[in-house]
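*Asks:* Chains F and U, in that order, give the protein sequences.
This note's numbering numbers the first residue of the first sequence as 1 and each following residue consecutively.
This note's numbering numbers the first residue of the second sequence as 1001 and each following residue consecutively.
Let me begin by handing over the structure; questions about it come next.
There are 2 protein chains.
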Amino acid sequence: MFSDSEENYLKTIFHLERQFKDGVSTNAIADQMQTKASSVTDMMKRLSDKNLVNYVKYQGVTLCDKGRIAAAAIIRKHRLWEVFLVEKLDFSWDEVHEVAEQLEHIESEELIDKLDKLLNYPKFDPHGDPIPNKDGNFPVRDKVLLSDLSIGSKGICVGVKDTSSSFLKYLDKNGIALGKSIQVLEKEDFDHSQKIKIENEVLQVSQQIASNLYIKTTH
Amino acid sequence: MFSDSEENYLKTIFHLERQFKDGVSTNAIADQMQTKASSVTDMMKRLSDKNLVNYVKYQGVTLCDKGRIAAAAIIRKHRLWEVFLVEKLDFSWDEVHEVAEQLEHIESEELIDKLDKLLNYPKFDPHGDPIPNKDGNFPVRDKVLLSDLSIGSKGICVGVKDTSSSFLKYLDKNGIALGKSIQVLEKEDFDHSQKIKIENEVLQVSQQIASNLYIKTTH
DNA sequence: AAATAAATTTAGACAAGACTAAAAATGTAT
DNA sequence: ATACATTTTTAGTCTTGTCTAAATTTATTT
Ligand SMILES: [Mn+2]
Ligand SMILES: [Mn+2]
Ligand SMILES: [Mn+2]
Ligand SMILES: [Mn+2]
């Protein structure tokens, strides 16, 4: 249907649209995709010709419905493959992204349906990110950054904002994983570090850590 | 490492080398890949520059060691993915080829190792074709075409020569599957059709069928 | 051995995607 | 409002992979 390159552009625009609701700049896309703005301009013209994006010179780009549906399908594939890699092949959550970047471009509706079934229709990927259904709708889940919780709050770890390998490995090393219970014990005014309890372990985490971990509060 | 296109050429040459031991013609490659001989010539020059094939103008092409190893790796991936699709995702053996054609180009040593492990290190794919190991060595198994067996011979179905969907569906419909026992009951001189026993069912098959089914004889 | 047929390569063109350098548009500071 | 800086687009080039048509080489006949 679409080339790998086109799919990567669509996906990137989809993600950047949250941040830049009234039009994504070619530079923003170029930065994200490690390419040049001139290359982006070329591609925007092509995607526009195919009615996948609304592109007005000098005014950035937004996805058309057709483009948004295509983007959601790619994200669905990416995240389902990530679940597969972690659940079935014992990859760790910091290793799956690169491979999923390739697998997301495999074209086969039936393959994805069967993969979805094998994985028991997961709603979230290994990083806690929502997996859209076949219609492109994303499941929603209340979540808040650990850094925004007040002392005493309890919850469950449900996602990460930063998905870099170094952050994920830090979490592994310190026994923080999705699904584990968490409680804020203390907050330090000076550097915004926190003392937290993960399951039954007490741990001190910096502001940088706390602002990249999503929690679903339990009350 | 190599582009999808380069990999497809290498794989095709590998397969055609059995048939044309002393050099595969550009036309043979073009026919197989549904492309034009002139495109093949272009690619042969590129592959030759990369020391993947030996190419002499007008004299056909053979794989270099480097090219043969690369080809085996691609075939390994293709066949492992086919096993995965059938064993884990319940694809039928006539549906897997197209998808495997795409999956074989995914680049990740670790992915294939882990897939191999998940599948319990299979030696043969759903069509009975051998899966090379990491070093590029293919397991061997004695097999002979059903059409070459004499009356009374017994064996096990171990592979198919024709992997077309129509042939595989015919086998499904008539209860012929890899692993099942088979015995030749009668052979008709006139049209070379045979009466065979599959497990406990008796069946009449044409020469065309018999010459596309591989049997491992049991005595 | 020359003539003809078939296979193969070359020449020239095209599309997708990407890059660099230059031009044009937009935004900001005086 | 004008000058300067930044962003974005355009123009021109390159690589990969493909094609058609023409030229060349090899194979087959007479
Ligand atoms: Mn990812
Ligand atoms: Mn993810
Ligand atoms: Mn196959
Ligand atoms: Mn196969």
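Note that CB positions come from ideal geometry on N, CA and C, so glycine has one too.
With a Cβ-Cβ cutoff of 8 Å, do L89(F) and K1088(U) count as a contact?
*Replies:* No, the pair does not count as a contact, with Cβ atoms beyond the cut-off.
*Asks:* Taking Cβ to Cβ, would you say K1066(U) is nearer than 8 Å to Y1055(U)?
*Replies:* Not closer than 8 Å, so no.
*Asks:* Name the one or two DSSP bridge partners that Y1214(U) has.
*Replies:* In DSSP, Y1214(U) forms a bridge with L1145(U), G1159(U).
*Asks:* Does T1062(U) come out as helix, strand or coil in the three-state DSSP assignment?
*Replies:* If DSSP states are grouped into helix, strand and coil, T1062(U) belongs with the strands.
*Asks:* Any chance the CB of A1210(U) is under 7 Å from a heavy atom of ligand 3?
*Replies:* A1210(U) Cβ: outside cutoff for every heavy atom of ligand 3.
*Asks:* Take G1175(U) and list the residues in its own chain whose beta-carbon comes closer than 8 Å to its own, dropping the five residues that flank it on each side.
*Replies:* Hits under 8 Å: I1198, E1199, E1201, L1203.
*Asks:* Any Cβ of chain F within less than 8 Å of the Cβ of D1090(U)?
*Replies:* Yes, its Cβ sits closer than 8 Å to a Cβ of chain F.
*Asks:* Would you kindly check if the distance between the Cβ of E1104(U) and the Cβ of I1074(U) is under 8 Å?
*Replies:* Going by C-beta atoms, I1074(U) is nearer than 8 Å to E1104(U).
*Asks:* Taking V1099(U) as the query, report the chain F residues whose CB atoms sit under 9 Å from its CB, ordered along the chain.
*Replies:* By Cβ distance, chain F contributes I106, E107, S108, E110, L111.
*Asks:* Below 8 Å on the Cβ atoms is my guess for I156(F) versus S181(F); work out the distance and round it to an integer in Å.
*Replies:* I156(F) to S181(F), Cβ: 6 Å. Contact.
*Asks:* Let me check one thing: in DSSP terms, what residues is S181(F) bridge-paired to?
*Replies:* In the DSSP output, where bridge partners are listed per residue, S181(F) has I156(F).
*Asks:* Can you list, in chain order, the residues of the segment 146–163 of chain F whose Cβ is nearer than 7 Å to any Cβ on chain U?
*Replies:* Hits within the stretch: zero.
*Asks:* Using 8 Å as the limit for Cβ to Cβ distance, is L1178(U) near chain F?
*Replies:* No, L1178(U) does not count as interfacial toward chain F.
*Asks:* Of the residues that make up the segment 1115–1129 of chain U, which ones have a beta carbon closer than 9 Å to any beta carbon in chain F?
*Replies:* Per Cβ criterion, the list reads L1115, K1117, L1118.
*Asks:* Under the DSSP definition of a beta bridge, which residues are partnered with Y55(F)?
*Replies:* BP columns for Y55(F) point to V61(F).
*Asks:* Anything in chain U within Cβ reach of L103(F), meaning under 7 Å, just list it in chain order.
*Replies:* Correct list: I1106.
*Asks:* Output the residues surrounding ligand 1, defined as those with a CB atom closer than 6 Å to any ligand heavy atom, in chain order.
*Replies:* Cβ atoms closer than 6 Å to ligand 1 belong to H78(F), E82(F), H97(F), A100(F).
*Asks:* Check whether the Cβ of D1125(U) sits closer than 7 Å to any heavy atom of ligand 4, and report yes or no.
*Replies:* Result yes, Cβ under 7 Å from ligand 4.
*Asks:* Would you kindly work out how many angstroms separate the C-alpha atoms of L146(F) and F190(F), rounded to a whole number?
*Replies:* Distance between the alpha carbons of L146(F) and F190(F): 17 Å.
*Asks:* So which of S5(F), P126(F), S38(F) has the shortest CA-CA distance to Y58(F)?
*Replies:* Checked all of S5(F), P126(F), S38(F); the closest Cα to Y58(F) is S38(F).
*Asks:* Is it true that the segment 1091–1105 of chain U meets the segment 1159–1172 of chain U, where meeting means three or more beta-carbon pairs spaced less than 8 Å apart?
*Replies:* Contact between the segment 1091–1105 of chain U and the segment 1159–1172 of chain U is present, because at least three Cβ pairs lie under 8 Å.
*Asks:* Output the distance between the C-alpha atoms of F1084(U) and H1097(U), rounded to the nearest integer angstrom.
*Replies:* Roughly 12 Å separates the two Cα atoms.
*Asks:* Quick check for students: name the residue ranges of the alpha helix (DSSP H) that lie wholly in the segment 97–140 of chain F, counting only runs of 4 or more.
*Replies:* Complete alpha helix (DSSP H) runs here, min 4: 109–118.
*Asks:* For a quick check, are the C-beta atoms of K1154(U) and K1216(U) less than 8 Å apart?
*Replies:* For K1154(U) and K1216(U), no; Cβs fall outside 8 Å.
*Asks:* Starting from Q194(F), follow its DSSP beta bridges and name the residues at the other end.
*Replies:* Its beta-bridge partners are K187(F), V205(F).
*Asks:* Quick check: what's the CA-CA separation for F977(U) versus V1024(U)?
*Replies:* No answer is possible for residue 977(U): the residues shown for chain U start at 1001 and end at 1219.
*Asks:* First and last residue of the alpha helix (DSSP H) that includes F167(F)?
*Replies:* Here the alpha helix (DSSP H) through F167(F) covers 165–173.
*Asks:* DSSP beta-bridge partners for V83(F)?
*Replies:* V83(F) is not bridged to any residue.
*Asks:* I need the straight-line Cα distance from S1206(U) to G1159(U), nearest angstrom please.
*Replies:* Each residue's Cα considered, the two are about 17 Å apart.
*Asks:* From L1168(U) to P1126(U), what distance separates their C-alpha atoms?
*Replies:* Cα-Cα distance, rounded: 11 Å.
*Asks:* Round the Cβ separation of Q1032(U) and T1062(U) to the nearest angstrom and send it over; I've been treating them as touching at under 8 Å.
*Replies:* Contact flag wrong, Cβ pair sits at about 15 Å.
*Asks:* Under the rule that 16 or more other beta-carbon atoms within 10 Å means buried, what is Q1194(U), buried or exposed?
*Replies:* Its Cβ being crowded by 16 or more others within 10 Å, Q1194(U) is buried.
*Asks:* Could you tell me the distance, in whole angstroms, from the CA atom of T246(F) to the CA atom of T41(F)?
*Replies:* Chain F is shown from 1 up to 219; residue 246(F) falls before or after that span and cannot be answered.
*Asks:* Can you tell me whether Y121(F) is buried or exposed, with buried defined as 16 or more other CB within 10 angstroms of its CB?
*Replies:* Counting Cβ neighbours within 10 Å, Y121(F) comes out exposed, since fewer than 16 surround it.
*Asks:* Return the CA-CA distance between L1185(U) and D1135(U), expressed in angstroms with no decimal places.
*Replies:* Those two C-alpha atoms are separated by around 42 Å.
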